[in-house]
Amino acid sequence: VQEYEGERNEAGERHGHGKARLPNGDVYEGSYEHGKRHGQVRIGDLNGWFSRFNALLAIIKFRSDINYIITVFQGIYKFKNGARYVGEYVRNKKHGQGTFIYPDGSRYEGEWADDLRHGHGVYYYVNNDTYTGEWFAHQRHGQGTYFYAETGSKYVGAWVNGQQEGAAELIHLNHRYQGKFLNKNPVGPGKYVFDIGCEQHGEYRLTDVERGEEEEEEETLITVIPKWKATKITELALWTPTLPQEQPAADGPGQEEAPGAEG
Numbered sequence: 001v002q003e004y005e006g007e008r009n010e011a012g013e014r015h016g017h018g019k020a021r022l023p024n025g026d027v028y029e030g031s032y033e034h035g036k037r038h039g040q041v042r043i044g045d046l047n048g049w050f051s052r053f054n055a056l057l058a059i060i061k062f063r064s065d066i067n068y069i070i071t072v073f074q075g076i077y078k079f080k081n082g083a084r085y086v087g088e089y090v091r092n093k094k095h096g097q098g099t100f101i102y103p104d105g106s107r108y109e110g111e112w113a114d115d116l117r118h119g120h121g122v123y124y125y126v127n128n129d130t131y132t133g134e135w136f137a138h139q140r141h142g143q144g145t146y147f148y149a150e151t152g153s154k155y156v157g158a159w160v161n162g163q164q165e166g167a168a169e170l171i172h173l174n175h176r177y178q179g180k181f182l183n184k185n186p187v188g189p190g191k192y193v194f195d196i197g198c199e200q201h202g203e204y205r206l207t208d209v210e211r212g213e214e215e216e217e218e219e220t221l222i223t224v225i226p227k228w229k230a231t232k233i234t235e236l237a238l239w240t241p242t243l244p245q246e247q248p249a250a251d252g253p254g255q256e257e258a259p260g261a262e263g
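For the sequence shown, position 183 matches number 183 in full-length UniProt numbering, and the numbering has no gaps at all.
Laid out in structure tokens, this is it:
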């Protein structure tokens with residue numbers, strides 16, 4: 001049986017500010033509306049579009065306790081496994097702005113819709129990597145930037161269903177790659193831009209991985225990896241986030257380079 005301390009309406013439903021301890025050990029403290037977690041005024045609103053008149057009414061209603069005002073309009077849900085959500089609720093679901101701290105220490109700060117990460121937000125990973133950008137139905141989707149803490153590199157561009165896919169830049173400390181990505185790998189035509197003042201144009205071609213005799217006897221999926229085929233070197237040019245035109249293959253052998261960091 002749930003334990004609940006707080007306000008109720010005439011129908012006996014949880015309505016207003018309250019604190020509940022669920023049978024599984026989770027704890028929620030915040031705003032309720034007709035029995036469901038619900039509240040959409042944020043801390044920042046007191047200094048933003050939240051009007052002075054409404055702030056005055058809130059102070060009168062909640063006994064001049066600013067901390068109480070913040071708690072009332074912002075739900076705090078603590079999970080038994082150590083996770084915690086602080087943010088907005090609409091009809092019992094995370095919706096609006098909120099921060100979710102996961103059991104492993106990673107956290108997400110941003111927009112939610114229907115209990116899912118949705119909109120714009122920042123995810124801080126346990127290895128100190130970060131993703132800043134658009135989310136759709138709990139996955140990285142749209143335009144976003146992934147920063148690799150270990151190398152200092154970053155991927156800036158398109159995402160589809162959580163994967164790096166579409167036109168993007170992979171930026172390293174002294175050079176960058178501009179082109180198209182698919183499943184975290186560069187594919188097709190693109191170019192490397194070097195800080196020394198030149199560009200190397202070419203394309204990534206998919207190549208089968210060589211397998212040993214023992215592996216060939218087994219029925220396994222063929223692994224394909226992209227290999228860089230250079231075509232020409234030019235002076236620097238301005239880049240726009242559109243895919244470059246495919247370049248004709250050069251007569252001589254081209255330089256091969258390993259793909260950039262993966263996310």
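A virtual CB, placed ideally from N, CA and C, is assigned to each residue, including glycine.
7 Å Cβ shell around residue i - same chain, five flanking residues per side excluded
i    : result
N24  : K80
E7   : H15, G16, H17 and G18
N161 : Q139 and H141
Q178 : E169, G190, K191, V193 and W239
L116 : A137 and H138
E33  : H15
Through-space distance from residue j to residue i, alpha-carbon basis
i    : j    : result
N174 : A167 : 20 Å
H15  : G152 : 49 Å
L238 : R91  : 49 Å
G202 : D104 : 41 Å
K93  : Y28  : 12 Å
G121 : E5   : 33 Å
G30  : G119 : 23 Å
V224 : R205 : 10 Å
According to DSSP, residues forming a beta bridge with residue i
i    : result
K36  : E33
Y28  : A20 and Y77
Q164 : W159
Y124 : R107 and T130
G202 : G190 and A230
I196 : BP columns for I196 are empty, so no partner.
L170 : Y155 and Y177
Where residue i falls: helix, strand or coil (DSSP)
i    : result
A11  : coil
V86  : strand
N185 : strand
R91  : coil
H175 : strand
T151 : coil
I43  : The predicted model places I43 with a pLDDT of 35, which falls under 50 and marks its position as unreliable, so this point remains unresolved.
Q97  : strand
L116 : strand
Y4   : strand
Y102 : coil
Cβ-based neighbour list, residue i, same chain, cut-off 8 Å, excluding 5 preceding and 5 following
i    : result
A83  : F100, I101, Y102 and P103
T234 : C198, E199 and H201
L236 : V193, G197, C198 and E199
G142 : G133, E134, W135, F136, A158 and W159
Cβ separation of residue i and residue j, assumed to be a contact under 8 Å, to the nearest whole Å
i    : j    : result
G110 : Y89  : Actually they are not in contact, since the Cβ atoms of G110 and Y89 sit about 15 Å apart, beyond 8 Å.
S106 : V126 : 5 Å
R21  : E10  : No, R21 and E10 are not in contact; Cβ-Cβ is about 24 Å, not under 8 Å.
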